[in-house]
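Note that our numbering has the sequence shown beginning at 638, numbered continuously upward. The C-beta atom is built at its ideal place from N, Cα and C for all residues, glycine as well. Please read these numbers as outputs of a predicted model, since none were measured by experiment. Each remark here refers to the structure printed beneath this line.
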Amino acid sequence: MNQRSKMLAMKHTEPEPILTSDSTGAPAPADSTVPRQVPLLPAMAILKTPYFHVLGYSVAGEESVVQLPELNVVFDIGKCPRPVLTSDFCLLTHGHIDHSAGLVYYLSQRTFQGMSPGTVLCPAAIADGLTQILQAWATLEGKVPAHRLVPMRPGEEVELRKGLIVRAFATCHTVASVGFLLLDRREKLKPELLEQNLPGHVLRDMKKRGEKITYTLDIPLAAYTGDTSMAETLTQDGVCEARVLITECTFFAPEHRRRAAQGRHLHLDDLLEALPKLRNELVLIAHVSRRTYWRWAARQLHRAIAGMEHLPKVEFLMEHAQHLQVRPGKAAAFIPVEPPITEEAD
Ligand SMILES: [Zn+2]
Ligand SMILES: [Zn+2]
């Protein structure tokens, strides 16, 4: 072996210093030879409400994906983190890439993993565009993934499973958009009949005769706005009563008012206008701009609402961020793991 070959052989066998990034995405110092732990998935929020979990990630312009696993839905799909594959329904609020880029992967991967075809509800105006994207991708992939596409206009409803209804509501953004409201719909015996304490066979006979013995009770469970600009979006019927309202609020700094108006997003001032009218148990803020550190945003919000009474509880989705580790096997399971301890400037 000549000198040059020896040097090449040594080069291949000597371990290279591994430069990697930590969980914050910051590059490791150049002189570090100790690899740091790289998370399997980026930080995702998991929040347990009394009714369902909220799982997701939402940063303006980057990615928004918010799953309610027990209700079998994922709102928007900027990317497709593995846990959201388990939801049969993807409720897409609009076509901006940070909300929709994971869609083809979601549909294709469900087929690949032997799951039933995904159903996508979307604003009616973008249904053709989505079909074209799926067909264009098929020229690369070989086939259009199995799916069902349901165009939605404000006020229209779809039954997701018995008693679980989704209703589209109007939002106001730079492109065609809708929000989604999930309703628990129950048929209840009319109060006047309940008072009479009638036996079952009498009620059955009344029903057979075609008499209406029940009324419909809708319990608004969750509302998700997607991107929107008007405080009025939040105060619509059903939306302002949902147990959990997940709304965008992109901008908080006074100097970002113009940006909010240009991009048709909510600003803290709009949220403050709507908050006293909301009867939600929990308002979850999503889609905060990368220009604003969410803790600073939270301080502005809590300062502004200090002393105001009868407001719903307000939290930020990403304050519940933690790291997830994928369990081996099919798409279903995920387990939260302790987030690494990092110094965060406040
Ligand atoms: Zn967005
Ligand atoms: Zn948008």
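**Item:** For Gly816, the nearest candidate out of Ala941, Leu835, Ala761, Arg747 (CA to CA)
**Value:** The alpha carbon of Gly816 has as its nearest neighbour, out of Ala941, Leu835, Ala761, Arg747, the alpha carbon of Ala761.
**Prompt:** How is Tyr852 classed by DSSP in three states: helix, strand or coil?
**Reply:** Three-state DSSP puts Tyr852 in a strand.
**Asked** Taking 8 Å as the cut-off, does the CB of Val812 come closer than this to any heavy atom belonging to ligand 2?
**Response** Yes, the beta carbon of Val812 sits closer than 8 Å to at least one heavy atom of ligand 2.
**Item:** Leu905 burial status per 10 Å Cβ neighbour count (16 or more: buried)
**Value:** So Leu905 counts as buried.
**Beta carbon of Leu903 nearer than 9 Å to that of Cys886** = Taking 9 Å as the cut-off, the beta carbon of Leu903 is found closer than this to the beta carbon of Cys886.
**Item:** Beta-ladder partner(s) of Thr756, from DSSP
**Value:** Paired residues: Phe726, Arg785.
**Asked** Under the three-state reduction of DSSP, which class applies to Pro857: helix, strand or coil?
**Response** Reduced to three states, the DSSP call for Pro857 is strand.
**C-beta contact flag for Gly739 and Val702 at 9 Å** = Cβ atoms of Gly739 and Val702: closer than 9 Å.
**Request:** Check whether the stretch 685-693 touches the stretch 835-845, counting contact only when three or more Cβ pairs, one atom from each stretch, lie closer than 8 Å.
**Result:** Too few Cβ pairs lie closer than 8 Å, so no.
**Request:** Give a yes or no on contact between the stretch 796-805 and the stretch 703-710, applying the rule of three or more CB pairs nearer than 8 Å.
**Result:** Taking 8 Å as the limit for Cβ pairs, the verdict is that the stretch 703-710 does touch the stretch 796-805.
**Message:** Need the endpoints of the beta strand (DSSP E) that Leu771 sits in, please.
**Reply:** Segment 764-778 is the alpha helix (DSSP H) holding Leu771; no beta strand (DSSP E) there.
**Request:** Could you tell me if the beta carbon of His893 falls within a distance shorter than 8 Å of some heavy atom in ligand 1?
**Result:** No, ligand 1 has no heavy atom inside 8 Å of this Cβ.
**Request:** May I ask which residues mark the beginning and end of the alpha helix (DSSP H) holding Val741?
**Result:** Per DSSP, Val741 belongs to the alpha helix (DSSP H) from 740-749.
**Message:** Mapping the DSSP letters down to three states, classify Asp821 as helix, strand or coil.
**Reply:** Note: Asp821 maps to strand in three-state DSSP.
**Request:** Look up Thr941 in the DSSP assignment and give the residues it is bridged to.
**Result:** For the sequence presented, residue 941 should be read as Ala rather than Thr. In the DSSP assignment, no residue is bridged to Ala941.
**Prompt:** Taking 8 Å as the line, does the beta carbon of Asp735 fall inside it for any heavy atom of ligand 2?
**Reply:** For Asp735, the shortest C-beta to heavy atom distance toward ligand 2 is below 8 Å.
**Message:** Would you call the stretch 849-863 in contact with the stretch 886-900, where contact means no fewer than 3 C-beta pairs closer than 8 Å?
**Reply:** Too few Cβ pairs lie closer than 8 Å, so no.
**Prompt:** From this set, Gln873, His736, Phe888, Phe712, which residue's C-alpha is nearest Ala934's C-alpha?
**Reply:** The shortest CA-to-CA distance from Ala934 to any of Gln873, His736, Phe888, Phe712 is the one to Phe888.
**Message:** Rounding to the nearest angstrom, what Cα-Cα distance links Leu722 and His736 in this structure?
**Reply:** Inter-residue distance for Leu722 and His736 is about 15 Å (C-alpha atoms, whole angstroms).
**Asked** In this structure, does DSSP put Gly900 in helix, strand or coil?
**Response** Collapsing the DSSP output to three states places Gly900 in a helix.
**Cβ-Cβ distance between Thr808 and Met867 below 9 Å** = Yes, the Cβ-Cβ distance between Thr808 and Met867 is below 9 Å.
**Asked** Would you call Gly944 buried or exposed, if buried means 16 or more other Cβ atoms sit within 10 Å of its Cβ?
**Response** When all chains shown are included, Gly944 counts as exposed.
**Item:** beta strand (DSSP E) segment containing Leu801, residue limits
**Value:** Per DSSP, Leu801 belongs to the beta strand (DSSP E) from 801-807.
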